[in-house]
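Undergrad: Residue numbers for the sequence shown follow the working numbering, so the first one is 1124 and each next one is one higher. All residues carry an ideal CB built from backbone N, CA and C; glycine is no exception.
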Amino acid sequence: MDARLEQLLGYCRTAKTAAVAYSGGVDSALTLWAASTALGQAALGVTVRSEFVCGAERQRAQRIAIFLAGAAGARVAVRDISVLEHTRLRQNPQDRCYLCKQLVLAEVRAVALERLGPEARLMEGTNADDDPARPGRRAVAEAGALSPLAACGIDKEGVRELARMIGLPNADDPSNSCLATRVPTGAELTFARLTAIEGLEREARELGLSDLRARLAPGSGGQNADGVRLLVRPAQMLLAQSLSRRLEERARVIGFAQFSLGERT
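This is the structure:
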């Protein structure tokens, strides 16, 4: 076995029992694989879903969970919460990610207490490349959660290498972020805005685009109506431009008053 995997498994064994915050991304999937391989039924993945999580991400999390169940005997519990019920988070402040991570880890802890008991440790998928200044890291520290990948010095490239080694289907999936990151700080996070963003991204993917972001432009459409800017990778810009009229039509049907294209770097 690769020495990095041995180190990762050894680190997870020290926890005795653990609840892993599992989103379906490659980092959390590798963490759940390691915890489940090391601890068996004393490990549990917890997927916390909210209005910030798009349908495609929910489906991916379920698909990868099925793989992990077969490959490592992983178990996954799913919990739904409403982040928009929290007034401060709905206001979309600078520390939005911190507030959201607090809620997610609190739910993971609640499931851990219910299913594994008070001795269970929390684990999550921060890797060694992740910026220590990221707001979510503060919530991780406050919750006392373990970050096995970061603790073992495994960076993003290493995560993908190890994921390919153990056969994770999402090893090479592009990084994604939640729907709230598409809305500029200070613009209110509403269900209508989030579902409109998700809808346009889904339409764009159905037309053949990938690895994209639909960025809200609050009030840019006149009379306080929102506009949207679809950001695509440079390699797909020509395709996006050829589809621009269809994309604009779909954006207007969804409810955006203005549409534009841009490059995502």
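In chain order, what residues of the same chain have a beta carbon less than 8 Å from the beta carbon of Arg-1375, not counting five sequence neighbours either side?
TA: So the qualifying residues of the chain are Phe-1382.
Undergrad: Assuming Thr-1170 is part of the alpha helix (DSSP H), what are its boundary residues?
TA: Looking at the DSSP string, Thr-1170 is not in any alpha helix (DSSP H); the run it does join, the beta strand (DSSP E), is 1166 to 1172.
Undergrad: Label Ile-1067 either buried or exposed according to how many other C-beta atoms from any shown protein chain fall within 10 Å of its C-beta, with 16 as the threshold for buried.
TA: Nothing about residue 1067 can be read from this structure; the chain reaches only from 1124 to 1388.
Undergrad: Judging by CA-CA distance, which residue of Thr-1137, Glu-1129, Thr-1154 and Leu-1207 is the nearest neighbour of Lys-1279?
TA: Nearest of Thr-1137, Glu-1129, Thr-1154 and Leu-1207 to Lys-1279, Cα basis: Thr-1154.
Undergrad: Quick one: residues in its chain with C-beta nearer than 8 Å to the C-beta of Val-1282, no 5 flanking neighbours on either side, listed in chain order?
TA: For Val-1282, where only same-chain residues beyond five positions count, the Cβ hits under 8 Å are Val-1149, Asp-1150, Leu-1153, Asn-1250 and Leu-1272.
Undergrad: Considering Cα atoms alone, identify which of Phe-1379, Leu-1291, Cys-1223 and Ala-1138 is closest to Arg-1186.
TA: Arg-1186 has its Cα closest to that of Leu-1291, out of Phe-1379, Leu-1291, Cys-1223 and Ala-1138.
Undergrad: Could you compute how far the alpha carbon of Gln-1364 sits from the alpha carbon of Arg-1336?
TA: If I take the Cα positions, the gap works out to 15 Å.
Undergrad: Between Ala-1229 and Gly-1267, what straight-line distance do the alpha-carbon atoms span, to the nearest angstrom?
TA: The straight-line gap from Cα to Cα measures roughly 11 Å.
Undergrad: With distances taken from CA atoms, which of Ser-1333, Glu-1284 and Leu-1239 is nearest Pro-1297?
TA: Measuring from the Cα of Pro-1297, the nearest candidate turns out to be Ser-1333.
Undergrad: If contact is defined by three or more beta carbon pairs under 8 Å, each pair taking one atom from either stretch, is the segment 1198 to 1206 in contact with the segment 1170 to 1186?
TA: Touching, per the Cβ criterion.
Undergrad: Does DSSP put Leu-1239 in a helix, a strand or coil?
TA: Of the three classes helix, strand and coil, the one that applies to Leu-1239 here is coil, per DSSP.
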